[in-house]
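Numbering (my numbering), first residue to last: 86 to 326.
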Ligand code: GLY
Ligand code: MN
Ligand code: MN
């Protein structure tokens with residue numbers, strides 16, 4: 086029952102998404118070097134509460150290399166010029182969750198390496214979104230994201246070897262270690278099986294899910310050029326099948 090959303094439920098989720106969009110825009114407008122992560126995070130809370138909503142989950146407001154910590158919630162570092170800010174934060178409205186991530190340059194302008202990584206992630210997300218269609222397998226979305234991310238990482242020399250081999254050997258896992266999405270609804274990670282009788286489930290009208298590829302280049306990684314180290318990018322949106 087929870088996996089296929091009714092019209093009423095879809096409307097509540099859409100409303101939660103609109104509030105989240107306002108919150109992210111408010112954060113983007115007010116973001117500048119010198120603020121702390123929790124200060125800029127307060128802009129999100131302002132928008133959630135003034136729209137009669139609350140946080141769907143503890144907000145992740147992660148500047149610089151903190152973006153590489155997947156469930157970072159300390160939110161107590163100072164935003165620095167030249168860094169990225171990854172914000173995974175969204176509203177819950179009438180018990181229905183949304184789940185959105187944006188990654189922006191704190192001073193308004195990407196450095197070249199940041200831009201290159203951002204564009205690979207954005208390309209992966211756009212291609213994965215195209216797979217979000219009735220009848221496709223749930224796993225098609227993740228497979229497409231992994232393929233695009235791996236291709237991009239090969240192009241810039243962060244993964245060595247041929248595409249198929251790199252995918253089969255999961256060489257991307259050093260940089261992309263989570264899945265591309267989950268069901269969304271009353272919970273941010275909503276209930277519902279991803280497989281049926283051992284097979285990936287087909288997408289059906291009324292399912293709601295996230296698509297959230299990312300690249301995380303931990304600054305402790307060996308054999309990676311300095312210019313990439315500490316860059317973390319995720320882009321997450323919410324889809325109705
Ligand atoms: N905000 C939790 C998640 O993206 O899954
Ligand atoms: Mn998510
Ligand atoms: Mn999220």
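We put the beta carbon where it would ideally sit given N, CA and C, even for glycine. The model shown is predicted, which means the values in this text are computed figures rather than measured ones.
Residue burial is scored here from C-beta neighbours: residue 282 has fewer than 16 other C-beta atoms within 10 angstroms and is therefore classed as exposed. Taking 7 Å as the cut-off, one finds at least one heavy atom of ligand 2 near enough to the beta carbon of residue 321. Ligand 1 never approaches residue 279 closely enough for any of its heavy atoms to be under 7 Å from the residue's Cβ. Taking non-hydrogen atoms of ligand 3 into account, the C-beta of residue 272 is found less than 7 Å away from none of them. In this structure, ligand 3 has a non-hydrogen atom nearer than 7 Å to the beta-carbon of residue 184. In this structure, the C-beta of residue 163 stays at least 7 Å away from each heavy atom of ligand 2.
Annotation for residue 181: 97, 98 and 101 place their beta carbon closer than 6 Å to its own, counting only its chain and skipping 5 residues before and after. Burial state of residue 90 is buried, judged by a 10 Å Cβ sphere holding 16 or more other Cβ atoms. In chain order, 163 place their CB closer than 6 Å to the CB of residue 121, counting only its own chain and leaving out the 5 sequence neighbours on each side. Under DSSP, residue 203 takes part in no beta bridge, so it has no partner. The continuous beta strand (DSSP E) containing residue 147 extends over residues 145 to 148. With a threshold of 16 other beta carbon atoms within 10 Å, residue 246 falls short and is exposed. Around residue 264, the same chain offers 227 as residues with beta carbons nearer than 8 Å, after the five sequence neighbours per side are excluded.
Scanning 112, 280 and 303 for the CA closest to the CA of residue 186 turns up 112.
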